[in-house]
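Just so you know, the sequence shown maps onto residues 1 to 46 in the UniProt record's numbering.
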Amino acid sequence: MADSGSNKKYIKDYSIYYIEDSGHFPMLEQPEQFNTTLMKAVKSVK
């Protein structure tokens, strides 16, 4: 897992999103939560 504290220091407007109860394929394991999180991320860059 990335060190979010270090990343925030070097990357402007850095955000990290966690999807509970998923592994490497959250889009298959938790599709509804993945889609909701993805839309949240997309809207944040508009």
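Cβ coordinates follow ideal geometry from the N, Cα and C atoms, glycine included.
Measure the C-alpha to C-alpha separation of residue 30 and residue 4 and round it to an integer number of angstroms.
The sequence position of residue 30 within the sequence shown is 30, counting from 1. The sequence position of residue 4 within the sequence shown is 4, counting from 1. If you take the alpha carbons of residue 30 and residue 4, they lie about 23 Å apart.
Own chain residues within Cβ distance below 7 Å of residue 26, not counting five before or after:
Residue 26 sits at position 26 when you count from the first residue of the sequence shown. Result list for residue 26: 19 and 34, in chain order.
Contact set for residue 41: own chain, Cβ-Cβ below 8 Å, skip 5 residues either direction
On the sequence shown, position 41 is the one that residue 41 refers to. 15 and 17, listed in sequence order.
Starting from residue 9 and walking both ways along the alpha helix (DSSP H), at which residues does that stretch end?
On the sequence shown, residue 9 is found 9 positions in, with the first residue counted as 1. Here the alpha helix (DSSP H) through residue 9 covers 4–10.
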